[in-house]
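What follows is a short report on a single structure.
2 protein chains.
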Amino acid sequence: MTAAILCTGTELTRGELVNTNATWLAEELTSLGFEVGAVDCVDDDRDRIRRALTRLGAEHEVVLCTGGLGPTTDDLTTECVAGLLAVPLVRDAASLEHIRALLARFGRGMAPSNAKQADFPEGASIIPNPRGTAPGFYVRIGRALAFFFPGVPREMKAMFRETAVPVLAPLVQGGHHQLRLRCFGLPESEVNDRLSGVEAEFEVNLGYRASFPEIEVKVLARAANPADAKQRAEAATRVVRERLGEAVFGEGTTTYAESLLALLGERGATLSLAESCTGGLVAEMLTRVPGSSRTFLGGTVAYANEAKTALLGVDAAAIASHGAVSEPVARAMAEGARARFGSTLSLSVTGIAGPDGGTPEKPVGLVHFAVADARGTSAEQVRTGGTREQVRLRAAYIGLRLVRRVLLNGHGAGGG
Amino acid sequence: MTAAILCTGTELTRGELVNTNATWLAEELTSLGFEVGAVDCVDDDRDRIRRALTRLGAEHEVVLCTGGLGPTTDDLTTECVAGLLAVPLVRDAASLEHIRALLARFGRGMAPSNAKQADFPEGASIIPNPRGTAPGFYVRIGRALAFFFPGVPREMKAMFRETAVPVLAPLVQGGHHQLRLRCFGLPESEVNDRLSGVEAEFEVNLGYRASFPEIEVKVLARAANPADAKQRAEAATRVVRERLGEAVFGEGTTTYAESLLALLGERGATLSLAESCTGGLVAEMLTRVPGSSRTFLGGTVAYANEAKTALLGVDAAAIASHGAVSEPVARAMAEGARARFGSTLSLSVTGIAGPDGGTPEKPVGLVHFAVADARGTSAEQVRTGGTREQVRLRAAYIGLRLVRRVLLNGHGAGGG
Numbered sequence: 002m003t004a005a006i007l008c009t010g011t012e013l014t015r016g017e018l019v020n021t022n023a024t025w026l027a028e029e030l031t032s033l034g035f036e037v038g039a040v041d042c043v044d045d046d047r048d049r050i051r052r053a054l055t056r057l058g059a060e061h062e063v064v065l066c067t068g069g070l071g072p073t074t075d076d077l078t079t080e081c082v083a084g085l086l087a088v089p090l091v092r093d094a095a096s097l098e099h100i101r102a103l104l105a106r107f108g109r110g111m112a113p114s115n116a117k118q119a120d121f122p123e124g125a126s127i128i129p130n131p132r133g134t135a136p137g138f139y140v141r142i143g144r145a146l147a148f149f150f151p152g153v154p155r156e157m158k159a160m161f162r163e164t165a166v167p168v169l170a171p172l173v174q175g176g177h178h179q180l181r182l183r184c185f186g187l188p189e190s191e192v193n194d195r196l197s198g199v200e201a202e203f204e205v206n207l208g209y210r211a212s213f214p215e216i217e218v219k220v221l222a223r224a225a226n227p228a229d230a231k232q233r234a235e236a237a238t239r240v241v242r243e244r245l246g247e248a249v250f251g252e253g254t255t256t257y258a259e260s261l262l263a264l265l266g267e268r269g270a271t272l273s274l275a276e277s278c279t280g281g282l283v284a285e286m287l288t289r290v291p292g293s294s295r296t297f298l299g300g301t302v303a304y305a306n307e308a309k310t311a312l313l314g315v316d317a318a319a320i321a322s323h324g325a326v327s328e329p330v331a332r333a334m335a336e337g338a339r340a341r342f343g344s345t346l347s348l349s350v351t352g353i354a355g356p357d358g359g360t361p362e363k364p365v366g367l368v369h370f371a372v373a374d375a376r377g378t379s380a381e382q383v384r385t386g387g388t389r390e391q392v393r394l395r396a397a398y399i400g401l402r403l404v405r406r407v408l409l410n411g412h413g414a415g416g417g
Numbered sequence: 002m003t004a005a006i007l008c009t010g011t012e013l014t015r016g017e018l019v020n021t022n023a024t025w026l027a028e029e030l031t032s033l034g035f036e037v038g039a040v041d042c043v044d045d046d047r048d049r050i051r052r053a054l055t056r057l058g059a060e061h062e063v064v065l066c067t068g069g070l071g072p073t074t075d076d077l078t079t080e081c082v083a084g085l086l087a088v089p090l091v092r093d094a095a096s097l098e099h100i101r102a103l104l105a106r107f108g109r110g111m112a113p114s115n116a117k118q119a120d121f122p123e124g125a126s127i128i129p130n131p132r133g134t135a136p137g138f139y140v141r142i143g144r145a146l147a148f149f150f151p152g153v154p155r156e157m158k159a160m161f162r163e164t165a166v167p168v169l170a171p172l173v174q175g176g177h178h179q180l181r182l183r184c185f186g187l188p189e190s191e192v193n194d195r196l197s198g199v200e201a202e203f204e205v206n207l208g209y210r211a212s213f214p215e216i217e218v219k220v221l222a223r224a225a226n227p228a229d230a231k232q233r234a235e236a237a238t239r240v241v242r243e244r245l246g247e248a249v250f251g252e253g254t255t256t257y258a259e260s261l262l263a264l265l266g267e268r269g270a271t272l273s274l275a276e277s278c279t280g281g282l283v284a285e286m287l288t289r290v291p292g293s294s295r296t297f298l299g300g301t302v303a304y305a306n307e308a309k310t311a312l313l314g315v316d317a318a319a320i321a322s323h324g325a326v327s328e329p330v331a332r333a334m335a336e337g338a339r340a341r342f343g344s345t346l347s348l349s350v351t352g353i354a355g356p357d358g359g360t361p362e363k364p365v366g367l368v369h370f371a372v373a374d375a376r377g378t379s380a381e382q383v384r385t386g387g388t389r390e391q392v393r394l395r396a397a398y399i400g401l402r403l404v405r406r407v408l409l410n411g412h413g414a415g416g417g
């Protein structure tokens, strides 16, 4: 079963908007078991919309379209579909009432342009949109079942899940099941090598998606029925986890910060930070998670040396003799933050993010880390590469990984 | 002149990667004066690649393609183009030498799969790629001039600018000039209303791109020659700036943090932070800018009340009587941070980011700000809406705006 996606809108063809709708729909269709052969965009041009629909409807079994269902004059999709199918537009009373009620809630009346949103090609099945004024619809175009959604991501996604998935899922033969593991700390080539043979052994497909500095491993099993597919995907995933070890930090959409905060929560532990080169990035990653305040007490961004001394009690002489980017200063920062915040653990990060400030002895990309708790302090040193943004992002992950290692293994071999 | 973009790669049709290349190229083509009619993706399938190239080459004057120039067996673009044009592949000696030298720098030898990257359809013009092993090329397909680039964004962008733009720019008749202003603090509808009449008066096109919480205003002028276009775009931009006032914080790709750091630098002023609900986000935005350490001394993320007292010297009694989210505490945080960091100015942010923690009196989205300097302290209070992420992001911008207001206007009407 091949599928295609067609997004309409001049804002897309002019590059004013990144087309995240297309990516989201492509991923959903792939997860459902479809092979997506085309992801196209056209501008708000009647002729180009009609030609694209005709072509995709002839080549694929399913076509998903977004955009062009709004109230303005450049919203042309419904009219183009009716023209293509040579059927009249028919006004739907229930949709009209829904639009009227929704506008009334915002204290607005019904304009003729809004009433137009209740018009559909004769014979179309309507896709309700509880969240907005643009209902969708689906019809057959050529050999394809063609679905039409508004371009607003929140509305489109809900309509796809609520109305399209129940129609689409039965079209795919057999069962399929996909699991996603999120990893950090191994290069993509190493992940590949470690997982060699898994595809053949379990009859699954492994997919990789690098999203710096993470790698996501997708395990997709197809089988005669859903239960078999699930079982096979789960068996393969267990082996993937074993082979990748601590590099796997979560499943599905879990972030590194979420997985660490959950682990801290289980242990009843709290965390504080002393950041230098990451400049608040680690704190920002942690506090992005709702409820993080239960576990994360706070941090300092001690960029200037004087700040390291004034806020964290780092000995000015230690900075003078070892430099701000050094193991002794990293240790003192972590211990100082722990004393001030009264947290179970404290993490420090001090390094040279670049592009300037490197020396032959301490090059751009050199970062020192330390994690202090009641049992002692572990330190780690890394030399990483890339842009300023990449150095900072990778350093943030390495710091959080050190917290996890100390929490799980103490200050033994795994921590230092 | 209409143009099309074709991106190849199964990672795109499976939704494993957001297609930012397409958006970038669409925006560049639009800026050059082309009308982009189609932005298509196909998977790594010979037949679909060939059909897409044939179709787009028949419909447009320019086609830009990305992807499929790599060394692996699923990199099919070059071969497809040669097949389509019925010409043989010819190995280019200079490209081969470039690839060999680049691999040698990484201590690697030349594999046959890499040598393949020096093959081009006979008669093609080669596009050098100083940054990678995949040179590009351009040929005529149908009525279109078709350009082929690798999918790696950094390489593709440089090759587009260095080789394609000099070929493409002269194809567009007349002159055109575009300026971009970045704005924060006005709703899109207000920006629209304030700029009404500008398009007609100066014969320019105004484009808007909302990228939360910013709005970018693009001023595009087309004229008989480049000088006229430039003059008209600049005249219109002056009026746009006047009408939007302080909401305009920069031009082109300038970030809010960059514009504020530049202003602080001009005044010889330094900044420190006391963040609560933004959790390090403001520090992260500032330190993302290379060289920020000259102006930004550091900050605290005082999430827990005890941290506000221990690190910033905020009176525990003030927190008890007014609550952590209050003007007195915001003022004490800013003044405390300024004393500890010894900075010219200090900004504090304390609020309720949600989704939990709100009360009828202090709802989610309530944020207090203060900026302290030697002359005094200004405070501001805002109630904003949206998700946790949106509350935090908008709060970060509002905080930076308050710093700018105090720096420019002192603690007068503009600052409070």
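Note that the protein sequences, when read in sequence, are chains R and U. Counting with my numbering, you get residues 2 to 417 for the letters of the first sequence. Counting with my numbering, you get residues 2 to 417 for the letters of the second sequence. The C-beta atom is built at its ideal place from N, Cα and C for all residues, glycine as well.
Outcome for residue i when other beta-carbon atoms lying within 10 angstroms are tallied against a minimum of 16
i: U/G355; result: buried
i: R/L409; result: exposed
i: R/D76; result: buried
i: R/G416; result: Its pLDDT being 40, under 50, R/G416 is placed unreliably by the model, and nothing is read from it.
i: R/T296; result: buried
i: U/R47; result: exposed
i: U/T73; result: exposed
i: R/G400; result: buried
i: U/A134; result: Per the sequence presented here, residue 134 of chain U reads as Thr, with Ala not at that position. U/T134 should be labelled buried.
i: R/G253; result: exposed
i: R/K351; result: Reading off the sequence shown, one finds Thr at residue 351 of chain R, where the question assumed Lys. Answer is buried; the Cβ neighbour count reaches 16.
i: R/G10; result: buried
i: R/G186; result: buried
Distance between beta carbons of residue j and residue i, contact taken as under 8 Å
i: U/A396; j: U/G337; result: Wrong, their Cβ atoms sit about 19 Å apart, outside the cutoff.
i: R/L261; j: R/R405; result: 6 Å
i: R/R393; j: U/E390; result: So it is not a contact: roughly 19 Å between Cβ atoms.
i: R/L70; j: R/P129; result: 13 Å between Cβ atoms; not a contact.
i: R/E200; j: R/N206; result: 6 Å
i: U/C66; j: U/F149; result: 5 Å
i: R/L418; j: R/T79; result: Residue numbering for chain R in the displayed model covers 2 to 417; residue 418 of chain R lies beyond these limits and cannot be assessed.
i: U/Q179; j: U/S32; result: 5 Å
i: U/I142; j: U/V64; result: 7 Å
i: R/A335; j: R/A319; result: With a Cβ gap of about 13 Å, R/A335 and R/A319 do not count as contacting.
Identified DSSP bridge partners for residue i
i: R/T3; result: R/E36
i: R/S349; result: R/A275, R/A371
i: U/D120; result: U/R92
i: U/E217; result: U/R183, U/R210
i: U/G251; result: U/R183
i: R/A224; result: R/G176
i: R/I127; result: R/F138
i: R/A303; result: U/G299
i: R/D41; result: R/L7, U/D41
Validate contact between the segment 34-46 of chain R and the segment 39-47 of chain U using beta carbons, cut 8 Å, 3 pairs: yes
Every unbroken beta strand (DSSP E) inside the segment 129-204 of chain R [3 residues or more]: 137-142, 145-150, 176-185
Three or more C-beta pairs below 8 Å linking the segment 155-173 of chain U and the segment 224-237 of chain U: no
Every unbroken beta strand (DSSP E) within the segment 372-404 of chain U, with a cutoff of 3 residues, ordered by chain: 377-384
Three or more C-beta pairs below 8 Å linking the segment 215-224 of chain U and the segment 357-368 of chain U: no
Meets three-Cβ-pair contact criterion under 8 Å: the segment 241-249 of chain R and the segment 240-248 of chain U: no
Inter-stretch contact at 8 Å, needing at least 3 Cβ pairs: the segment 119-135 of chain R / the segment 89-107 of chain R: yes
3 or more residues per run - each beta strand (DSSP E) lying fully within the segment 50-108 of chain R: 63-67, 90-92
Cβ pair count under 8 Å reaching 3, the segment 328-346 of chain R against the segment 375-391 of chain R: yes
Three-pair Cβ contact test at 8 Å for the segment 13-23 of chain U versus the segment 24-39 of chain R: yes
Meets three-Cβ-pair contact criterion under 8 Å: the segment 301-313 of chain U and the segment 298-306 of chain R: yes
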